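Undergrad:
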Amino acid sequence: YSRSIPGHAVTYTTKLVGYLRHMLGEIDEMELTELISQQKKIIAKSESELRAERNYNLALKFAEEGLINHAITSAESSIESKPDMSRTHILLGFLLLEIKETEFALQSFHRALELEPGSNDAKTGLGKVYILQGNIDGAVDALTAAVTANPNPQTAYYELGRAYEIKGENDKAGEMYKKAVDGIIKGSFLYQITSQCE
91 YSRSIPGHAV
101 TYTTKLVGYL
111 RHMLGEIDEM
121 ELTELISQQK
131 KIIAKSESEL
141 RAERNYNLAL
151 KFAEEGLINH
161 AITSAESSIE
171 SKPDMSRTHI
181 LLGFLLLEIK
191 ETEFALQSFH
201 RALELEPGSN
211 DAKTGLGKVY
221 ILQGNIDGAV
231 DALTAAVTAN
241 PNPQTAYYEL
251 GRAYEIKGEN
261 DKAGEMYKKA
271 VDGIIKGSFL
281 YQITSQCE
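All residue numbers for the sequence shown refer to the working numbering, where the first residue is 91 and numbers rise by one.
Next up, the structure:
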């Protein structure tokens with residue numbers, strides 16, 4: 091039973107084995123129906139996941155080309171196919187910020203945090219939204235959470251610098267900007283070293 095059949099999908103093999111087991115009396119009609127319906131669910135799930143991935147990647151491409159509205163449409167299509175993919179909600183949030191749709195961006199970042207509470211990117215996005223909305227204390231809280239235990243906190247440090255600058259706390263703002271720049275320089279330096287080692 092375990093051999094694959096050349097030219098046929100794994101699901102075909104599973105169905106064939108199911109029918110053979112039914113013919114041999116190993117499983118009854120109800121077990122056969124259950125086996126086939128499980129395969130249909132697996133196929134539907136994998137198709138929706140593929141569609142979600144495809145649309146997510148398309149959204150990234152559109153964003154790189156500066157086609158923000160197309161990128162938003164693709165990200166929304168990805169979410170329709172797989173609503174529980176937090177990175178798509180994060181991407182959509184940042185895309186919505188590009189067109190100053192802060193309320194919808196806020197919803198996207200909140201949804202991402204529901205799915206992945208520890209997401210530093212979603213917290214950074216929240217901070218950016220709060221800055222644009224004038225909620226500077228909320229921005230400081232979200233961005234401070236974003237830089238904690240974050241392997242790449244440069245964007246969050248930069249946004250935190252902006253928040254402190256708006257609050258008039260220039261010393262703290264300068265400190266955050268410095269951390270952002272230091273992280274970028276260090277990251278660039280490490281990239282140069284590791285790329286030379288390859």
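Ideal Cβ positions, reconstructed from N, Cα and C, are used throughout, including at glycine.
A quick note: this is a predicted structure, and the numbers were derived from the prediction, not measured.
Measure the CB-CB distance between Ala-235 and Lys-213 and report whether it falls below 8 Å.
TA: Translated into positions along the sequence shown, residue 235 becomes position 145. Translated into positions along the sequence shown, residue 213 becomes position 123. In this structure, Lys-213 lies closer than 8 Å to Ala-235 by Cβ.
Undergrad: Just mark Gly-217 as buried or exposed, buried being the case when its beta carbon has 16 or more other beta carbons within 10 Å.
TA: Taking the first residue of the sequence shown as position 1, residue 217 is located at position 127. Classification for Gly-217: buried.
Undergrad: Taking only the alpha-carbon atoms, compute the straight-line gap between Gln-282 and Glu-154 and give it to the nearest angstrom.
TA: As a working note, residue 282 is residue 192 in the sequence shown. As a working note, residue 154 is residue 64 in the sequence shown. Summary for Gln-282: the model assigns pLDDT 38, below 50, so the residue's position carries little reliability, and this model does not support an answer.
Undergrad: In the DSSP assignment, find the unbroken alpha helix (DSSP H) run with Thr-163 in it and report its ends.
TA: Looking up residue 163 in the sequence shown gives position 73. Run containing Thr-163: 158 to 171, per the alpha helix (DSSP H) assignment.
Undergrad: Would DSSP call Asp-211 helix, strand or coil?
TA: Along the sequence shown, one-based indexing puts residue 211 at 121. Asp-211: helix per DSSP, three-state reduction.
Undergrad: Less than 8 Å between the C-beta atoms of Met-175 and Ser-164, yes or no?
TA: Position 85 of the sequence shown holds residue 175. Position 74 of the sequence shown holds residue 164. Going by C-beta atoms, Met-175 is not nearer than 8 Å to Ser-164.
Undergrad: For Thr-104, which option in Gly-115, Ser-127, Met-120 has the closest C-alpha, if you only look at C-alpha atoms?
TA: Translated into positions along the sequence shown, residue 104 becomes position 14. Per the Cα distances, Ser-127.
Undergrad: Which residue from Pro-173, Gly-183, Leu-157, Leu-250 puts its Cα closest to that of Val-271?
TA: Taking the first residue of the sequence shown as 1, we reach residue 271 at position 181. Among Pro-173, Gly-183, Leu-157, Leu-250, the Cα nearest to that of Val-271 is on Leu-250.
Undergrad: Just checking: is the beta-carbon of Glu-139 within a distance shorter than 8 Å of some beta-carbon in chain D?
TA: Although the question refers to chain D, the structure presented lacks it and comprises just one protein chain.
Undergrad: Is the separation between the beta-carbon of Ala-142 and that of Ser-171 shorter than 8 Å?
TA: Along the sequence shown, one-based indexing puts residue 142 at 52. Along the sequence shown, one-based indexing puts residue 171 at 81. Contact: yes.
Undergrad: Can you check whether the CB of Ala-202 is closer than 8 Å to the CB of Ile-180?
TA: On the sequence shown, residue 180 is found 90 positions in, with the first residue counted as 1. On the sequence shown, residue 202 is found 112 positions in, with the first residue counted as 1. A contact, by the Cβ cut-off of 8 Å.
Undergrad: In chain order, what residues of the same chain have a beta carbon less than 7 Å from the beta carbon of Ser-136, not counting five sequence neighbours either side?
TA: As a working mapping, residue 136 is identified with position 46 in the sequence shown. There are no such residues.
Undergrad: Which runs of the beta strand (DSSP E) spanning at least 3 residues fall entirely within the segment 227 to 269, listed in chain order?
TA: The segment 227 to 269 contains no whole beta strand (DSSP E) run of 3 or more residues.
Undergrad: Which residue from Ala-161, Tyr-146, Gly-208, Thr-123 puts its Cα closest to that of Phe-152?
TA: The count along the sequence shown starts at 1 and reaches residue 152 at position 62. Looking at the Cα atoms, Ala-161 is the closest of the given residues.
Undergrad: Hey, how far is the Cα of Ile-117 from the Cα of Pro-173?
TA: Taking the first residue of the sequence shown as position 1, residue 117 is located at position 27. Taking the first residue of the sequence shown as position 1, residue 173 is located at position 83. Roughly 36 Å separates the two Cα atoms.
Undergrad: Could you check where the alpha helix (DSSP H) with Ile-180 kicks off and where it finishes?
TA: Here residue 180 refers to the residue found at position 90 when the sequence shown is read from its first residue. First-last of the alpha helix (DSSP H) with Ile-180: 176 to 188.
Undergrad: Could you check if Asp-211 is buried or exposed, using at least 16 other CB atoms within 10 Å of its CB as the buried criterion?
TA: Residue numbering aside, residue 211 sits at position 121 when the sequence shown is read from its first letter. With 16 or more Cβ atoms within 10 Å of its Cβ, Asp-211 is classed as buried.
Undergrad: Would you kindly work out how many angstroms separate the C-alpha atoms of Ile-274 and Leu-233, rounded to a whole number?
TA: Residue 274 sits at position 184 when you count from the first residue of the sequence shown. Residue 233 sits at position 143 when you count from the first residue of the sequence shown. Going by the C-alpha atoms only, they are around 17 Å apart.
Undergrad: For Ala-263, which residues in the same chain have their Cβ closer than 7 Å to its Cβ, ignoring the five residues on either side in sequence?
TA: Position 173 of the sequence shown holds residue 263. Here the set comprises Gly-251, Tyr-254, Glu-255.
Undergrad: Let's test the definition: count the other Cβ atoms within 10 Å of the Cβ of Pro-241 and tell me whether it reaches 16, buried, or not, exposed.
TA: As a first step, residue 241 must be located in the sequence shown, where it is residue number 151. By the neighbour-count rule (16 or more Cβ atoms within 10 Å), Pro-241 is not buried but exposed.
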